[in-house]
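Here's the structure we're looking at; comments come further down.
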Amino acid sequence: MVTPDPLSSSSKISSPFADHAHIIYPILCTLAIISFCVLLTSLFFKLAGIFYADVLREERERREVQRIRDVEAEVHEEQPEQPPIAQIADLQESEIDFDSNDPGHRAEPSTGEFTRRELAQFRAEDAREDVDREAEDHRRSPQQKNTNIAPPQVVDETF
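Be aware that the sequence shown starts at 1, since it is given in the UniProt record's numbering, and climbs by one per residue.
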C-alpha cells in the first residue's frame, strides 16, 4: 500500500485562506497592535481628562476664593475702621459741619442715599446719645438702674 505524500498538493486540505496565509496573518497582527495602541491612548486621554478636570475645578475654586477675598478687601477699604464711641463723643461741633451746602458732600435727595460725611455725622450723633445714656445710667443709683423709672424731680416750692 502506498502512503500518500503529506507534502503533495493532492493531500492538502483546500482553504481559500491557506494560499494567502503569509499575507493575512501579518495584516491581522498589525491591526491587533494598532487596536491595542488606540485602546491605550484612549485610556491615557481619559485619565488625563479626569486629572485635568480636577485641576480645572481646583483652579476655579482658587479663583472663587480670590474673588471673595478681593470683594471683602474692597468692602473693608470702603468702610474705614470706626473710632471708639468715646472718641466720637469727644468730637467738637466745629469738626462736623452739619450745615454744609457743598454739593460734593451731599447726596441727591431723589436717590435716598447718604454720603460718607452724612453717615459719619449720623454715627457721631448716635454715639453721643449712647455715651450720654451710659453716663446717665452710671449716675443713677443701683435701685433706679433696675427700673426704667426716671430719676425723681426736684420741685422748687418757694413762692
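Backbone N, C-alpha and C fix where the C-beta goes; we use that ideal spot for every residue, glycine too. Owing to the predicted nature of the structure, the values given are computational and were not obtained by experimental measurement.
Counting of Cβ neighbours within 10 angstroms places A135 among the exposed residues, the total staying below 16. DSSP places T30 in the helix class (H, G or I) of the three-state scheme. Taking the Cα positions, I23 is about 35 Å away from K46.
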